[in-house]
């Protein structure tokens, strides 16, 4: 995941998809709009070359549709997808963590305005004043003032969740315009911290509390939180990464990098089926009630779904009457559409892409409704989101297109062609991860002798990274797993003179490539290695020819 752009692509893979009607659940009679939505979803799936997809719809607390399409993997001999097929749901996990905290709030075990450090002393912010103001709800609203995707590299390189929480204190605001509670910047690490807060309050793991407080009451028997649990089950979809040449790379079921999603906890670790996720939709649409039992107080649920942080202040107008202002609630993007708001969230994980949407009930006769779409193609690492070919960008929006088409069909909106794509492209540009680097390549030499770059470089959160000469290139050793990978010259035309790239082992060559640059190599001060692990992180050289392996034993 080099950091990936938020909208990851589902590109070209030639498969012939036969729509299979696998399951219908009891509920109100199917309406024409459902048939139209299914046809649209199947066509969108084919255009995006997605091997397998499942979709469920809830209306007025009843599951009126649940169905699978395609196959568990790109292998045409693999079994068919159905409503019980398990997929990764990525960041759609975030709203689960918000509800877990809401349950604890209703039990009187915390208040939204409690300081995080009251319950989780290891949590500290870089700015001392912000640290004295940072409240529980601030974890859920992407308004920390830190750069987008702070500590993302820690997730990629295998640090523990405790290391991630400890590392937050070393991350300064990106610039003076990044205002605590005033600037939207998407984070995973704050949701990981929310998971650790749940553990501190309950004395059990985040996953155990999730199971007893949500999965079990909702009957979500095919929902788990780790790669090992997912692939120990039957009927689990294989995730696929999209490569730059348009082919798909199937993720092994025992993938060595499975820890990346597992350690995100409520930021992105849940795996589930559409049958299970339909029960989750019911709980949210019924404002905390499920099968006649109240799990969360109504006012608490309303507060979770209320907009908190402005993402983009688009107004309804002649330029885009289809689109309104976009905000973030607690685990949901809040789209200010007419005639109803639309609560939705994307879930992009290694090999999977998900979209959930909620239309709250109103007085216009339509009632409440929700949708979940799960697919088994995750995304593409890219350098510049603005340079993605339009056709490829369109494929990255497949699940979102289906969810927003659901909104339009359900509320009988007549939307001009291209409006959705235009506005989603604008939103993606606002919320994208920092640009990553291209794939490792040769053809450009370092401007100094390789020995000039070697040594042990230290970061207060990441600990020491070691750089040494290995044959005709540099090699970096990093993280608690002591991952080793070449440092190769950055071949981009605008690359800095002392620029390199590193590739996270275990991924395809075009995935998870980070730009690296060295500074101060000829100056009197200590040399620095700057690695774009989400935001650019600064490592200071503490020894030019230190015994790197020995130092690495002191990782945080």
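Numbering (our numbering), first residue to last: 29 to 584.
Positions of the beta carbon are idealized from the N, C-alpha and C atoms, including for glycine.
Remember, it's a predicted structure, so these values are computed and weren't measured experimentally.
Distance CB(residue i)-CB(residue j) smaller than 9 Å
| i | j | result |
| --- | --- | --- |
| residue 298 | residue 117 | yes |
| residue 476 | residue 526 | yes |
| residue 126 | residue 222 | yes |
| residue 360 | residue 372 | yes |
| residue 357 | residue 169 | yes |
| residue 72 | residue 450 | no |
| residue 302 | residue 111 | yes |
| residue 544 | residue 515 | yes |
| residue 211 | residue 250 | no |
| residue 162 | residue 144 | yes |
| residue 174 | residue 206 | yes |
| residue 396 | residue 89 | yes |
| residue 400 | residue 309 | yes |
| residue 363 | residue 444 | no |
| residue 109 | residue 307 | no |
| residue 129 | residue 437 | no |
| residue 159 | residue 201 | no |
| residue 3 | residue 406 | Nothing about residue 3 can be read from this structure; the chain reaches only from 29 to 584. |
| residue 148 | residue 238 | no |
Nearest-angstrom Cβ-Cβ length linking residue i and residue j, presumed shorter than 8 Å
| i | j | result |
| --- | --- | --- |
| residue 324 | residue 339 | Not really, about 25 Å apart at Cβ, beyond 8 Å. |
| residue 567 | residue 559 | 7 Å |
| residue 311 | residue 115 | With a Cβ gap of about 19 Å, residue 311 and residue 115 do not count as contacting. |
| residue 571 | residue 505 | 14 Å between Cβ atoms; not a contact. |
| residue 382 | residue 120 | 5 Å |
| residue 432 | residue 448 | 5 Å |
| residue 187 | residue 507 | 6 Å |
| residue 511 | residue 185 | 6 Å |
| residue 254 | residue 404 | Wrong, their Cβ atoms sit about 18 Å apart, outside the cutoff. |
| residue 279 | residue 379 | 4 Å |
| residue 480 | residue 549 | 6 Å |
| residue 313 | residue 367 | That pair is no contact at about 17 Å. |
| residue 490 | residue 182 | 7 Å |
Three-state class that DSSP yields for residue i in the structure shown
| i | result |
| --- | --- |
| residue 32 | For residue 32, the pLDDT reaches just 44, beneath the cut-off of 50, and the residue's location in the model is therefore unreliable, although a value from the coordinates is still provided. If DSSP states are grouped into helix, strand and coil, residue 32 belongs with coil. |
| residue 81 | strand |
| residue 514 | strand |
| residue 307 | helix |
| residue 373 | strand |
| residue 448 | helix |
| residue 63 | helix |
| residue 164 | helix |
| residue 197 | helix |
| residue 564 | strand |
| residue 384 | strand |
| residue 425 | coil |
| residue 222 | helix |
| residue 542 | strand |
| residue 340 | strand |
| residue 87 | strand |
| residue 192 | helix |
| residue 572 | coil |
| residue 547 | strand |
| residue 43 | Because residue 43 carries a pLDDT of 27, less than 50, the predicted location of this residue cannot be relied on, and no value is offered for it. |
| residue 519 | coil |
| residue 365 | coil |
| residue 74 | helix |
| residue 242 | helix |
| residue 559 | strand |
| residue 435 | helix |
| residue 481 | helix |
| residue 253 | coil |
| residue 500 | coil |
| residue 495 | strand |
| residue 443 | coil |
is_contact[residue i, chain D] using C-beta, thresh 9 Å
| i | result |
| --- | --- |
| residue 532 | Protein chain content of the structure displayed is limited to a single chain, and chain D is not contained in it. |
Entirely enclosed beta strand (DSSP E) segments - the region 255-298, minimum 3 residues
268-270 and 276-278
Take every Cβ of the region 76-85, pair it with every Cβ of the region 97-115, and state whether three or more of those distances are shorter than 8 Å.
yes
Stretch pair the region 121-137 + the region 173-187: three plus CB contacts closer than 8 Å
no
Answer yes if the region 527-547 comes into contact with the region 272-291, meaning at least three C-beta pairs across the two stretches below 8 Å, and no otherwise.
yes
Every unbroken alpha helix (DSSP H) inside the region 97-184 [4 residues or more]
122-134, 144-147 and 156-159
Could you tell me whether the region 265-274 touches the region 330-338, using the rule of 3 or more Cβ pairs below 8 Å?
no
Is the region 190-206 close to the region 377-394, with three or more CB pairs under 8 Å?
no
Is the region 209-218 touching the region 291-308, taking contact as three or more C-beta pairs under 8 Å?
yes
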